[in-house]
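One structure is given below, encoded as structure tokens.
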Amino acid sequence: MDCIFCRIASGRAEAKVLYEDELAVAFEDIRPQAPVHVLVIPKKHIPNNLALTEEDAPLVGHLFLVANRIAKEKGIAERGFRLVTNCNSEAGQTVFHLHLHLLGGRLMHWPPG
Ligand code: AMP
Ligand code: ZN
4 MDCIFCRIAS GRAEAKVLYE DELAVAFEDI RPQAPVHVLV IPKKHIPNNL ALTEEDAPLV
64 GHLFLVANRI AKEKGIAERG FRLVTNCNSE AGQTVFHLHL HLLGGRLMHW PPG
């Protein structure tokens, strides 16, 4: 299985990494949709949120905490930001390794497209 986000997580593919620990990596999205567009991923390969198991629950919490940290570092925590995860085709999921999109730095519209 060749997964681009597994390759980034293990340092085998290039990315602008902002944060890394034993469980997670955060890096700049290659096609940013907002002034801040960061992807937060687990190092563990999980195709999407539907594939989560009970044992992954603390890991998901950790991803949110990493996203909060990046939002604060980028100076958008107080202004506001959005965390999005796309699941399967109608949501537009293109990379089948779980990721949170951290989007901000501009007014985010609702409903989303
Ligand atoms: P999704 O459509 O939710 O699966 O999001 C996948 C995201 O990954 C898109 O926003 C892409 O721009 C981004 N992406 C794909 N390949 C890379 C890469 N090599 N480095 C950084 N971001 C990537
Ligand atoms: Zn993967």
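Count along the sequence shown from 1, then add 3; that gives the number in the numbering used here. Here a beta-carbon is modelled for each residue, glycine too, at the ideal position from N, C-alpha and C.
Bridge partners - residue 40, DSSP secondary structure assignment: The residue given as residue 40 occupies position 37 in the sequence shown. Residue pairing by DSSP puts residue 40 in a beta bridge opposite 106.
Proximity below 7 angstroms, CB of residue 44 to CB of residue 28: Stepping through the sequence shown from its first residue, residue 44 is reached at position 41. Stepping through the sequence shown from its first residue, residue 28 is reached at position 25. Closer than 7 angstroms, so yes.
Alpha carbon of residue 204 to alpha carbon of residue 103, nearest angstrom: Since the first residue shown for the chain is 4 and the last is 116, residue 204 is missing from the structure and cannot be characterised.
Buried/exposed call for residue 107, threshold 16 Cβ in 10 Å: The residue given as residue 107 occupies position 104 in the sequence shown. The residue is buried, with at least 16 neighbouring Cβ atoms inside 10 Å.
Paired residues, beta bridge with residue 85 - DSSP: Here the question's residue 85 lines up with position 82 in the sequence shown. DSSP, once it has assigned bridges, lists 106 as partnering residue 85.
Extent of the continuous alpha helix (DSSP H) run through residue 57: Taking the sequence shown and counting its residues from 1, the one referred to as residue 57 is at position 54. Careful: residue 57 lies outside any alpha helix (DSSP H) and carries neither H nor E.
Exposure label - residue 67; buried when at least 16 CB within 10 Å: In the sequence shown, the residue the question calls residue 67 occupies position 64. The residue in question, residue 67, is exposed, as its Cβ has fewer than 16 Cβ neighbours within 10 Å.
Three-state secondary structure (DSSP) of residue 66: To locate residue 66, count along the sequence shown from 1; it is residue 63. Reduced to three states, the DSSP call for residue 66 is helix.
Residue 100 burial status per 10 Å Cβ neighbour count (16 or more: buried): Here residue 100 refers to the residue found at position 97 of the sequence shown. Result: buried.
Limits of the alpha helix (DSSP H) - the one that residue 12 falls within: For the purposes of this step, residue 12 is taken as the residue at position 9 of the sequence shown. That run of the alpha helix (DSSP H) goes 7-12.
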